[in-house]
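In mature numbering (1 follows the signal peptide of the UniProt record, and there is no 0), the protein residues as written are -20 to -1, 1 to 272.
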């Protein structure tokens, strides 16, 4: 076999190997979005009342399901974020319209009762009318409250995102990620430095502005020392951040902590600069309210 044929065989083998190793089917994030869409399509409060919004969400998820494996990570993450927002918007709009139409139906029932009252005993008719009027008023009030709550939730979410952006938060598939550097701690210590908590004060204020969603705190270290020591150190540092946030008004029930040790570096541990980047605490803020 000459060299030209050998090169052709090797190239073909590598191509077949790459194809065989490529994941099949939609990514887990797309499967989750498809499940959310299926739930909304089955919800008779939402599906008939948000057809246009659901169609947009369907189109976005279909593109991800078809092309997601070919997109780079940044485009894919952005596509997941947009599709998720479209799904949440469809749900909010569908529920609001359902409440409004329900209130209108109660109003029509009230008018029917008024007509029937003309042929009944006046006292009984008044009782029926009052009951229908009260029910219609309650339904309208509930619809107004739901619209107001949805609007406030969007404003809170926008405020949270703006404040997190001031902390250089990055938007990822897991949520908004705020990275707190090694300046919070002394070497091999888990206690917060005195006077080094300005960023934590800003973070606590942001989290208090919108108490929906969860907060995951992950401690990370460089690869210096034993893995067992680093996992323990990273957990204790995450717990220190958790305690500080809880002590500054953030509901501790929202917060979970994990010690990741040296397992997820963001830089090369062979340089001092790389090790410095790896010694960090990441705060992942997840909020499911649609922001428009």
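Just so it is clear, CB atoms sit at the ideal spot from N, CA and C, and this is done for glycine as well.
Residue pairing by DSSP leaves residue 209 without any beta bridge partner.
The three-state secondary structure of residue 68, taken from DSSP, is helix.
If you draw a straight line from the Cα of residue 172 to the Cα of residue 229, it is about 18 angstroms long. Residue environment analysis places residue 222 among the buried positions, since at least 16 neighbouring C-beta atoms fall within 10 angstroms of its C-beta. Residue environment analysis places residue 195 among the buried positions, since at least 16 neighbouring C-beta atoms fall within 10 angstroms of its C-beta.
Residue 198 is classed as buried because its beta carbon has at least 16 other beta carbons within 10 Å across all chains shown. By a beta-carbon distance limit of 8 angstroms, residue 187 does not contact residue 261. Their separation comes to about 15 angstroms. For residue 217 against residue 241, the beta-carbon gap comes to about 11 angstroms, at or over 8 angstroms, which does not count as contact. Straight through space, the alpha carbons of residue 87 and residue 126 are spaced by roughly 18 angstroms. Excluding residues up to 5 positions away in sequence, 48 lie with their Cβ nearer than 6 angstroms to the Cβ of residue 7 in the same chain. When DSSP states are grouped into helix, strand and coil, residue 150 belongs to the strand group. Collapsing the DSSP output to three states places residue 229 in coil. When the Cα atoms are used, residue 17 and residue 37 turn out to be separated by approximately 8 angstroms. Measuring C-alpha to C-alpha distances from residue 148 to each of 31, 24, 263 and 15 identifies 263 as the nearest. If you draw a 10 Å sphere on the C-beta of residue 118, you find fewer than 16 other C-beta atoms in it, and that means exposed. Distance between residue 40 and residue 174, taken at the CA atoms: about 48 angstroms. Residue 227 and residue 185 have their C-alpha atoms some 12 angstroms from each other. Under the DSSP assignment, residue 266 falls in the beta strand (DSSP E) whose first and last residues are 260 to 266. Partner residues in the beta bridge of residue 235, as assigned by DSSP, are 195. Residue pairing of residue 159 in beta bridges, as defined by DSSP: 262. Excluding its 5 nearest sequence neighbours in each direction, residue 57 has C-beta neighbours in its own chain below 7 angstroms: 152 and 153, listed in chain order. Excluding residues up to 5 positions away in sequence, 197, 218, 219 and 222 lie with their Cβ nearer than 6 angstroms to the Cβ of residue 237 in the same chain.
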